[in-house]
Amino acid sequence: MAHGRLFAVAMLIGVGLSAPTMAQVTLPNSTNSPLTLDQAESLALTNQPRLLAAQLRSHAAAERIREARAGLLPTASFDATGAEVADTGTATAAGNLTTSSLSDRFAYGGSLSQLVTDFGRTHALVASERANSEAQADMTTLTRAQVRLNVREAYYTVLGEESVLHAAQAALTNRQLVLRQLNVLEQNQLRSTLDVNFAAVLVSQAKLAVVQAQSEGSQARAKLATAMGESQPIAASLVDVDAGTEPLPPGPEDSQQQAQLQRADLSAARAEQKGAEQFATAEKRLGLPTLKVLAAAGDIPYHDHTLHSNYAAAAFNLEIPVFNGGLFSARRAQAELQANARSEDTKELSLEVSEQVRDAWYRANEAFQSLDVSSQLVAHAREALRLAQDRYDAGLGSIVELNEAQLNETSAEINAASAVDTYLTRRAELDFSTGLLN
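Shown next as structure tokens:
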């Protein structure tokens with residue numbers, strides 16, 4: 457792979473002279489330690505704020521399960537009540553003192569309340585929150601896959617821009633050598649001034665190409681840093697990735713079936729649908745009775761002669777809804793409609809996932825087939841450059857013909873490098889759409 461990216465270095469020096477070694481373009485705070493794709497992904501999964509926020513939301517969703525489950529557990533409380541300067545004979549009170557007999561006293565004690573049954577409504581609410589928590593966990597998995605995809609795309613872009621830079625630098629070196637040769641030949645009246653001017657124009661164009669490639673490479677490294685969750689551009693050298701280690705599946709059908717099982721967003725949609733159905737079940741049970749048992753006990757250390765020194769009681773409360781203006785029926789209808797809508801959303805997402813996988817496979821297959829075509833184009837361009845160089849040296853060809861051959865060879869090298877990185881990027885997109893980056 458690295459050898460393939462440096463074809464241009466060897467071929468663009470077509471005049472038979474050895475070129476000086478090109479200095480590697482470095483950025484501020486560069487390091488000699490290379491950065492692999494696995495390391496870049498690991499750093500992103502550790503530092504990317506987007507993923508950390510998704511993980512926190514997943515934990516928050518899990519707490520809502522405990523909130524819903526609390527309705528099934530006993531509720532206990534401690535109370536203390538005091539009343540001073542009371543008129544002992546009073547039997548009616550208004551405001552906060554609601555006892556039927558007011559007297560000076562201080563009492564403390566505890567109360568206990570336990571739900572006996574609400575005919576499964578609370579259980580349905582717990583199941584709904586559990587499904588919603590699973591959906592949020594799936595969305596965290598999806599975010600993780602998106603972070604990995606962003607890192608891979610940015611990583612491959614940097615590799616591609618560096619390949620373009622190497623080709624542009626090699627072309628510049630070659631054209632500068634040609635220009636120097638032509639200057640010597642023109643001074644000896646063996647070449648025309650027109651040849652020198654043509655060569656000078658191509659040197660200027662090559663310099664502009666190098667400047668542009670350096671700028672785009674810096675931009676690509678800044679994007680890689682963002683994808684990794686880093687605030688500073690990545691200065692470390694990147695390790696090339698072999699495009700042929702993982703061949704494409706034979707067709708999109710297997711990938712589509714795999715995506716239906718592994719896509720995190722599709723799993724989240726199914727979990728949300730399940731949560732909506734459970735919530736609709738809970739809303740259906742709003743009109744059923746609710747039975748609770750209650751108990752209270754305590755002591756009255758300070759009291760008058762009309763009160764006992766302690767108290768204790770136990771009771772039950774049965775609440776049967778009768779009429780509330782159609783509130784429960786409206787909530788039930790709303791929950792059922794939302795559940796049906798979730799079901800349709802899941803079906804729609806399933807269709808979209810299949811389409812995404814199919815499109816991603818075709819795009820990746822196109823890029824894969826372009827690898828051989830690009831290699832053949834490089835071979836033809838190299839041979840054309842060799843023939844043009846020989847014709848020019850023999851006085852049979854013009855400087856225009858030679859320069860055009862050099863441009864074609866440079867373009868072929870850049871296209872070959874871009875083809876590799878395009879395939880790697882589209883393969884990463886296919887892996888994401890299939891759910892392999894989870």
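Take any residue in the sequence shown, count from 1 to its spot, add 456: that is its number in the numbering used here.
Glycine included, C-beta positions come from ideal geometry on N, C-alpha and C.
Does residue i come out as helix, strand or coil in the three-state DSSP assignment?
i      : result
GLN637 : helix
GLN729 : helix
THR578 : helix
ASP815 : helix
ALA699 : coil
SER567 : strand
ASN766 : strand
SER533 : strand
LEU491 : strand
LEU774 : strand
ARG561 : strand
LEU742 : helix
GLY754 : strand
GLN714 : helix
How many Å lie between residue i and residue j at the Cα?
i      : j      : result
LEU615 : ALA797 : 45 Å
ASN588 : ALA732 : 8 Å
ALA475 : GLN632 : Note that ALA475 scores 32 on pLDDT, short of 50, meaning its location in the model is unreliable and no value can be drawn from it.
GLY899 : LEU742 : For the chain, the structure presents residues 457 to 894; residue 899 sits outside this window and is missing.
VAL695 : LEU833 : 25 Å
THR866 : GLN670 : 17 Å
GLU672 : GLN661 : 17 Å
HIS872 : THR878 : Note on residue identity: the sequence assigns Ala, not His, to residue 872. For ALA872 and THR878, the distance between alpha carbons rounds to 10 Å.
ALA678 : GLN734 : 46 Å
THR642 : SER674 : Here the sequence assigns Glu to residue 642, which means Thr is not the residue at that position. If I take the Cα positions, the gap works out to 39 Å.
ALA820 : PRO705 : 10 Å
LEU598 : GLN625 : 40 Å
VAL666 : ALA676 : 15 Å
THR531 : GLY685 : 45 Å
LEU793 : SER785 : 12 Å
ARG520 : GLU808 : 30 Å
GLY853 : ARG647 : 12 Å
GLN688 : ALA516 : 31 Å
GLU585 : VAL572 : 21 Å
Keeping to the same chain, check which residues put their C-beta closer than 6 Å to that of residue i; ignore five residues upstream and five downstream.
i      : result
ALA875 : SER826, LEU827 and SER830
THR582 : Reading off the sequence, residue 582 comes out as Val, not Thr. Contacts found: ALA524 and ARG525.
SER693 : PRO490
GLY891 : ALA715, GLN718 and ARG719
THR746 : ASP574 and GLU775
THR881 : GLU609 and TYR612
ASP651 : LEU638 and ILE855
SER533 : SER567
SER799 : GLN729
Quick one: using the 10 Å Cβ neighbour count with 16 as the cut-off for buried, is residue i buried or exposed?
i      : result
ILE690 : buried
ALA510 : buried
PRO703 : exposed
THR502 : exposed
ASN630 : buried
TYR612 : buried
ASP698 : exposed
THR537 : exposed
ARG522 : exposed
VAL778 : exposed
SER711 : buried
LYS803 : exposed
PRO708 : buried
TYR418 : Missing from the structure shown is residue 418; the chain here goes from 457 to 894 and no further.
GLN713 : exposed
SER498 : exposed
Does the separation of the CB atoms of residue i and residue j fall below 9 Å?
i      : j      : result
HIS836 : ALA868 : yes
LEU621 : VAL659 : no
ALA736 : ALA791 : yes
ALA850 : ALA861 : no
ALA724 : ALA752 : no
ASN780 : LYS748 : no
LEU750 : GLN570 : yes
LEU528 : THR578 : yes
GLN495 : ALA683 : no
ARG814 : GLU739 : no
LEU680 : VAL607 : yes
ARG847 : GLU857 : yes
Considering only residues of the same chain and omitting the five flanking positions on each side of residue i, which have a CB-CB separation below 8 Å?
i      : result
HIS759 : SER559, ASP560, ARG561, PHE562, ALA563 and SER765
ASN859 : PHE654, ALA655 and LEU658
ALA727 : ALA587, ASN588, GLU590, ALA591 and ASP594
LEU805 : ASP721, LEU722 and ALA725
THR649 : GLU642
Might you give, ordered along the chain, the residues of its own chain that have their beta carbon closer than 7 Å to the beta carbon of residue i, omitting 5 neighbours on each side?
i      : result
LEU893 : ALA601, ARG604, LEU605 and ASP887
PRO757 : PHE562
LEU507 : LEU501, THR599, ARG600 and VAL603
Taking only beta-carbon atoms, is residue i less than 9 Å away from chain C?
i      : result
ASN821 : Of the protein chains in this structure there is only one, and it is not chain C.
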